[in-house]
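K.L.:
Have a look at the structure that comes next, please.
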Amino acid sequence: MFIRADMNDTIATGHMMRCLSIADEIRALGEEVIFITADHEADNLLSERGYQNRILNTLWSDMESELPQITAILREKPGSRILIDSYRVTPRYLAELTKAADTSYIDDINSFVYPVRNLICYACYWKDFRYQERYKNTKLYLGVEYTPLRKEFSHCGPKKISQEMENILIISGGTDNQNILRKLLMEVRKAGFRRINVVCGRYYHYFDQLTAEAREWENVFISRHTSDMKSYFDEADLVISAGGTTLYELCACGTPAISYSIADNQLGNVRQFDEEGLIVYVGDARYDGIENKISLLIGRYTCEERSRRSCEMQRYIDGRGASRLARVLTN
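Counting along the sequence shown from 1, when you hit position 314 you're at 314 in my numbering, and nothing is skipped either side.
And the structure:
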């Protein structure tokens, strides 16, 4: 099984991380997984996780330019299967890969009709795309039951809800070019919580400055990207998070949260989770002064409200989507 994905300071780590969750489950079924990337950016991460990486030495943003190299790789193994996860695909790119292999594509933006054998959309707003009307010869795997979370999110017990909110977690995902983390931290600090954790993404460029500034605050703890986010979620009474796969992880853990958006591809998530009554959406941090709204929203999260939302969140996401997709992709 091949997986084609990239990560860098422009697209962050989301595509790669969800692919790794699926890869781990495929490997658990006894099948080899080989990643294909445009460049060396993911080398360390993939090596740490024990995966081989075939590097194309091409531009990640121009996927058609890699067609000669990637189709040659696929044809090395007759009957190859490949999972593609990138917003930079084109109709021609996918059509050419489908001639060479059994193709599966993860979508959450509905750019065009994807010429692939299998189409996956776990996004909570998948119904907006009306896939069934537009795809007749493609197998569709739709809905939050296919959300590819890491193994540790697949068997979460009920969240223990504290009477008082004492531990707050602030996160932004892989990137934060506008330094929203600092703005949120400055606001949340005013409330006097016992502990405030801030977890910065792999491509957060202000880490040193924020760490130096936080040394003066006894209740603020800054850390960089970690493979054990679940421990932070379990400890937190409330999480303030950007949209993305993190919101699905929070649902699996049952950890109450407030969301904000920092990219267009997060808007569907944050709005739908808000409409479902699961995670309140405070606004788009690129354009709105969301930090001023955070304190007002935090005040609404009583113990009873957090308990109610926690139960609803865990009913919505069971955390076993990666296992379901592994079975789909290997059958």
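Beta carbons: idealized from backbone N, C-alpha and C, even for Gly.
(1) Classify Ile289 as buried or exposed, calling it buried when 16 or more other Cβ atoms lie within 10 Å of its own Cβ.
(2) Given a cut-off of 9 Å on the beta-carbon distance, is the pair Tyr122 and Gly244 in contact?
(3) Does Trp126 pass the burial test, meaning 16 or more other C-beta atoms within 10 Å, or should it be called exposed?
(4) Report, in whole angstroms, the separation of the C-beta atoms of Leu74 and Leu97, which I expect to be a contact under 8 Å.
(5) Please say whether Met1 and Leu329 have beta carbons closer to each other than 9 Å?
(6) Could you tell me if Ala12 is buried or exposed, where buried requires 16 or more neighbouring beta carbons within 10 angstroms of its beta carbon?
(7) Extract the residue ranges of the beta strand (DSSP E) inside the segment 199–246, only unbroken runs of 3 or more that lie entirely within it.
(8) Using CA coordinates, which residue listed in Arg327, Cys251, Ser323 is at the minimum distance from Met313?
(9) Name the residue from Cys253, Ile240, Thr90, His205 whose alpha carbon lies nearest to the alpha carbon of Asp228.
(10) From Glu218 to Ile168, what distance separates their C-alpha atoms?
(11) Report the option in Ile109, Arg92, Leu45 whose CA atom is closest to the CA atom of Ser65.
(12) How many Å lie between Thr103 and Ser80 at the Cα?
(13) Just how far apart, CA to CA, sit Thr10 and Asp264?
(14) Using a 10 Å radius around the Cβ and a threshold of 16 neighbouring Cβ atoms, would you call Gln266 buried or exposed?
(15) When DSSP builds the beta bridges, which residues end up paired with Lys139?
(16) Give the secondary structure of Gln69 by DSSP, where H, G and I count as helix, E and B as strand, and everything else as coil.
(17) Measuring CB to CB, does Lys151 end up less than 9 Å from Asp24?
(18) Report the option in Ile171, Arg189, Gln163 whose CA atom is closest to the CA atom of Tyr204.
(19) So, does the segment 179–189 touch the segment 155–166, judging by three or more C-beta pairs under 8 Å?
(20) Would you tell me roughly how many angstroms separate the C-alpha atoms of Glu304 and Glu249, rounded to the nearest one?
(21) Run through DSSP, which three-state label would Thr267 get?
(22) Below 9 Å between beta carbons: does that hold for Arg215 and Asp85?
(23) Measure the C-alpha to C-alpha separation of Val220 and Leu238 and round it to an integer number of angstroms.
(24) Which of the three DSSP states, helix, strand or coil, is assigned to Phe35?
(25) Give me the Cα-Cα distance between Asp284 and Val270, rounded to the nearest whole angstrom.
(26) Within 10 Å of its beta-carbon, does His15 have 16 or more other beta-carbons around it, so buried, or fewer, so exposed?
(27) How would you call Ile109, buried or exposed, if buried means at least 16 neighbouring beta carbons within 10 angstroms?
(28) DSSP on Tyr131, reduced to helix/strand/coil?
(29) Throw me the rounded Cβ distance for the Leu94 and Tyr105 pair, which I believe falls under 8 Å.
(30) Relative to the C-alpha of Ala72, which candidate in Asp128, Ile36, Ala42, Asp43 has its C-alpha closest?
(31) Note down, in chain order, each residue of its chain lying with its Cβ closer than 7 Å to the Cβ of Asp274, except the 5 sequence neighbours on either side.
(32) On the DSSP bridge assignment, give the partners of Phe2 in chain order.
P.N.:
In brief:
(1) Taking the first residue of the sequence shown as 1, we reach residue 289 at position 289. This sequence places Gly at residue 289; Ile is not what is there. Counting every other CB atom within 10 Å of its CB across the protein chains shown gives Gly289 a total below 16, marking it as exposed.
(2) The residue given as residue 122 occupies position 122 in the sequence shown. The residue given as residue 244 occupies position 244 in the sequence shown. No, these two residues do not count as a Cβ contact at 9 Å.
(3) Translated into the one-based positions of the sequence shown, residue 126 becomes position 126. With 16 or more other Cβ atoms within 10 Å, it is buried.
(4) Start at 1 with the first residue of the sequence shown, and residue 74 comes out as number 74. Start at 1 with the first residue of the sequence shown, and residue 97 comes out as number 97. Right, their Cβ atoms sit about 7 Å apart.
(5) For the purposes of this step, residue 329 is taken as residue 329 along the sequence shown, with counting starting at 1. For the purposes of this step, residue 1 is taken as residue 1 along the sequence shown, with counting starting at 1. Taking 9 Å as the Cβ cut-off, Leu329 and Met1 qualify as a contacting pair.
(6) Reading the sequence shown from its first residue, position 12 is the one you call residue 12. Buried, by the Cβ-count rule.
(7) Those beta strand (DSSP E) runs which fall completely within the segment 199–246 and span 3+ residues are 220–223, 238–242.
(8) Sequence index remark: in the sequence shown, residue 313 carries index 313 (1-based). Nearest in C-alpha terms to Met313, of all of Arg327, Cys251, Ser323, is Cys251.
(9) Sequence index remark: in the sequence shown, residue 228 carries index 228 (1-based). Of the listed residues, the one whose Cα sits closest to Asp228 is Cys253.
(10) Locating residue 218 in the sequence shown gives position 218, where the first residue counts as 1. Locating residue 168 in the sequence shown gives position 168, where the first residue counts as 1. Between Glu218 and Ile168, the C-alpha separation is close to 14 Å.
(11) The residue labelled residue 65 in the question sits at position 65 within the sequence shown. Answer by Cα proximity: Arg92.
(12) For the purposes of this step, residue 103 is taken as the residue at position 103 of the sequence shown. For the purposes of this step, residue 80 is taken as the residue at position 80 of the sequence shown. Roughly 9 Å separates the two Cα atoms.
(13) Position 10 of the sequence shown, counted from the start, is the residue given in the question as residue 10. Position 264 of the sequence shown, counted from the start, is the residue given in the question as residue 264. Cα-Cα distance, rounded: 13 Å.
(14) If you number the sequence shown from 1, residue 266 lands on position 266. Taking a 10 Å sphere around the C-beta of Gln266, we find 16 or more other C-beta atoms and assign the residue as buried.
(15) For the purposes of this step, residue 139 is identified with residue 139 of the sequence shown, where counting begins at 1. Bridge partners of Lys139: Asn118.
(16) As a working note, residue 69 is residue 69 in the sequence shown. In this structure, Gln69 counts as helix in the three-state DSSP scheme.
(17) Position 151 of the sequence shown, counting from 1, holds the residue named residue 151. Position 24 of the sequence shown, counting from 1, holds the residue named residue 24. Closer than 9 Å, so yes.
(18) Taking the first residue of the sequence shown as 1, we reach residue 204 at position 204. When each option's Cα is compared against that of Tyr204, the closest is Ile171.
(19) No, the segment 179–189 is not in contact with the segment 155–166.
(20) Counted from its first residue, the sequence shown places residue 304 at position 304. Counted from its first residue, the sequence shown places residue 249 at position 249. Per the coordinates, the alpha-carbon of Glu304 lies some 21 Å from the alpha-carbon of Glu249.
(21) Here residue 267 refers to the residue found at position 267 of the sequence shown. Just to set this straight, residue 267 is Leu in the shown sequence, not Thr. In this structure, Leu267 counts as helix in the three-state DSSP scheme.
(22) For the purposes of this step, residue 215 is taken as residue 215 along the sequence shown, with counting starting at 1. For the purposes of this step, residue 85 is taken as residue 85 along the sequence shown, with counting starting at 1. No, they are not a contact pair.
(23) Taking the first residue of the sequence shown as position 1, residue 220 is located at position 220. Taking the first residue of the sequence shown as position 1, residue 238 is located at position 238. Roughly 15 Å between the two C-alpha positions.
(24) Within the sequence shown, numbered from 1, the residue matching residue 35 stands at position 35. DSSP places Phe35 in strand when its eight states are reduced to three.
(25) Counting from one through the sequence shown, the residue named residue 284 turns up at place 284. Counting from one through the sequence shown, the residue named residue 270 turns up at place 270. In this structure, the CA atom of Asp284 is about 10 Å from the CA atom of Val270.
(26) Position 15 of the sequence shown holds residue 15. His15 comes out buried.
(27) Position 109 of the sequence shown holds residue 109. It counts as exposed.
(28) For the purposes of this step, residue 131 is taken as residue 131 along the sequence shown, with counting starting at 1. In this structure, Tyr131 counts as helix in the three-state DSSP scheme.
(29) Here residue 94 refers to the residue found at position 94 of the sequence shown. Here residue 105 refers to the residue found at position 105 of the sequence shown. Cβ-Cβ separation between Leu94 and Tyr105: approximately 7 Å, consistent with a contact (criterion under 8 Å).
(30) Your numbering for residue 72 matches position 72 in the sequence shown. Taking only the C-alpha atoms, the option nearest Ala72 is Ile36.
(31) Here residue 274 refers to the residue found at position 274 of the sequence shown. Taking Asp274 as the centre and dropping the five residues before and after it, the same chain places the C-beta of Val280, Tyr281 closer than 7 Å to its C-beta, in chain order.
(32) Here residue 2 refers to the residue found at position 2 when the sequence shown is read from its first residue. BP columns for Phe2 point to Ile34, Ile82.
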